[in-house]
Amino acid sequence: MLVKMKLEPEKLVIRPLKKEDLEEIIKIDEEYTSKRREEYYQRLMKEILEPEYALITSLAAEYDGKLVGFIAGVIFSGEFGIPENIAYLTTIGVDKRFLKHGIGRELFSQFVTNVKAAGAQKIYTIVEWANLDLLKFFSRAGFKLSSTLLNLELEL
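In the working numbering, the protein residues as written are 10 to 165.
Put into structure tokens, the structure is as follows:
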């Protein structure tokens, strides 16, 4: 259910993720996946809260003191045979009650600023074909199909 109110911009704060955000992040993700991916987010938080990554690639959106969104990614230098520094956006989520208020856009904008400052020249991400809302979000943000990377999979 979307919040049927006008949000006050001064109450929205984009800040680095903290350990204490873990439970709220899991709840937001569960709204979309219908699964509680606690182990994944515990591992992700452990990785992204390393001092090397924390301020660059892991951000939270708070509205009036409540966590309402998050974004996380990593910077790669030379991985996948790509000679340039790239960023990989691994996860983004906004509390469904706060969709359509620009929170994802604000998170993504700050993420872009941070990874550019860290030397990334491109940002990559992976989206399921069936996730039309996320595909639209990334399309509006300027993403297009990669001309250099192809996502391959092998069933085990």
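The C-beta atom is built at its ideal place from N, Cα and C for all residues, glycine as well.
For a quick check, are the C-beta atoms of residue i and residue j less than 9 angstroms apart?
{"i": "Gln130", "j": "Glu93", "result": "yes"}
{"i": "Gly74", "j": "Leu116", "result": "no"}
{"i": "Ile80", "j": "Phe107", "result": "no"}
{"i": "Ile84", "j": "Met54", "result": "no"}
{"i": "Gly82", "j": "Ile132", "result": "yes"}
{"i": "Leu98", "j": "Ser67", "result": "no"}
{"i": "Leu165", "j": "Ile101", "result": "no"}
{"i": "Asp104", "j": "Glu40", "result": "yes"}
For residue i, tell me which candidate among the options has the shortest Cα-Cα distance.
{"i": "Ala69", "options": "Leu21, Leu141, Asp142 and Thr157", "result": "Leu21"}
{"i": "Arg45", "options": "Leu31, Ala127 and Ser156", "result": "Leu31"}
{"i": "Leu76", "options": "Lys15, Ile132 and Arg24", "result": "Arg24"}
{"i": "His110", "options": "Glu56, Tyr72 and Lys55", "result": "Tyr72"}
{"i": "Ser86", "options": "Gly128, Lys27 and Arg52", "result": "Gly128"}
{"i": "Gly113", "options": "Phe146, Thr42 and Lys28", "result": "Phe146"}
{"i": "Ala139", "options": "Thr42, Ile95 and Ser156", "result": "Thr42"}
{"i": "Ala150", "options": "Thr134, Pro18 and Glu29", "result": "Thr134"}
{"i": "Val136", "options": "Glu59, Ala126 and Leu159", "result": "Leu159"}
{"i": "Lys28", "options": "Thr122, Ser148, Arg52 and Thr157", "result": "Arg52"}
{"i": "Ile95", "options": "Glu19, Leu16, Glu17 and Thr157", "result": "Thr157"}
Across which residues does DSSP place residue i in a beta bridge pair?
{"i": "Asn94", "result": "Ser86"}
{"i": "Val22", "result": "Glu71"}
Please report the Cβ distance between residue i and residue j, rounded to the nearest whole angstrom; I am assuming they are in contact, meaning their Cβ atoms lie under 8 angstroms.
{"i": "Val124", "j": "Ile57", "result": "About 13 angstroms separates the two Cβ atoms, so there is no contact after all."}
Going along the chain, which unbroken runs of the beta strand (DSSP E) with 3 or more residues stay wholly within the region 50-80? Counting whole runs of 3 or more residues, the region 50-80 contains the beta strand (DSSP E) stretches 67-72.
Just list the beta strand (DSSP E) runs in the region 98-163, keeping only unbroken ones of 3 residues or longer that don't cross its boundaries, in chain order. Listed in chain order, they are 131-133.
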